[in-house]
Structure formats: structure tokens, C-alpha cells
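S.K.: Encoded as C-alpha cells, here's the structure I'll be asking about.
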Amino acid sequence: FRIALSGGNTPRPVYSEIARIGRDLPWERTLITFGDERCVPPDDAQSNFRMAREALFVPASVPEKSIMRMRGEIDPAIAAQQY
127 FRIALSGGNT
137 PRPVYSEIAR
147 IGRDLPWERT
157 LITFGDERCV
167 PPDDAQSNFR
177 MAREALFVPA
187 SVPEKSIMRM
197 RGEIDPAIAA
207 QQY
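Residue numbers (this note's numbering): 127 to 209.
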């Protein structure tokens, strides 16, 4: 399975609900990507990854290998190429 996540704060309640009802989803067979990321480190308050981690990844116990994080902390051109 593949899931692309949106950024910003609008999807936070949806991610929280998915985490609540989706604990038994096959996360180990799922690849989660991001539609966008801000040019900030992953622990920054503005990071879309941080929001998804707090609202979905940790509560639903999504394995790290299932998450394809955009590297917002490096040069955007390099991050895009690596992604």
C-alpha cells in the first residue's frame, strides 16, 4: 500500500483518527510519503513530518521503515533529488 500525506495543520485530526482506528492496519506493508515538507528540521514545530509523527506514526506504531521522510533540513534541491 502507498499513502501520501498532506502537510499543514488541517489534516492533523484525520491523522489522529486514522491512528485511533488503524492500529491493526498492515503498516509494515505500507509506504508513507509526503506531498510536501517545509524547509525545517524534522523536530521543528513547523515540520509536517513532526506533525504526522505526533498525530499518526507514534500513536499507530507505524514502523520507521514504512515512512519516507522528506529531508527539510538540507538544501531543497538536494532533498528533492534524494526523495
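Quick reminder that beta carbons are idealized off the backbone N, C-alpha and C, glycines included.
Please list, in chain order, all residues of the same chain as D162 whose beta carbon is under 7 Å from its beta carbon, the five residues on each side excluded.
M.R.: Result list for D162: G133, N174, in chain order.
S.K.: If the criterion is Cβ atoms closer than 8 Å, does the pair L131 and F160 meet it?
M.R.: Yes, the Cβ-Cβ distance between L131 and F160 is below 8 Å.
S.K.: Here's the rule I'm using: 16 or more other beta-carbon atoms within 10 Å means buried, otherwise exposed. How should Y141 be labelled?
M.R.: Buried: at least 16 other Cβ atoms inside 10 Å.
S.K.: At the 8 Å Cβ level, is R179 part of the contact set with chain B, yes or no?
M.R.: Annotation note: the requested chain B is absent from the structure, which comprises a single protein chain.
S.K.: Enumerate in chain order the residues of its own chain whose CB-to-CB distance from Y209 is below 6 Å, with the five nearest sequence positions on each side excluded.
M.R.: These residues qualify, in order along the chain: M196.
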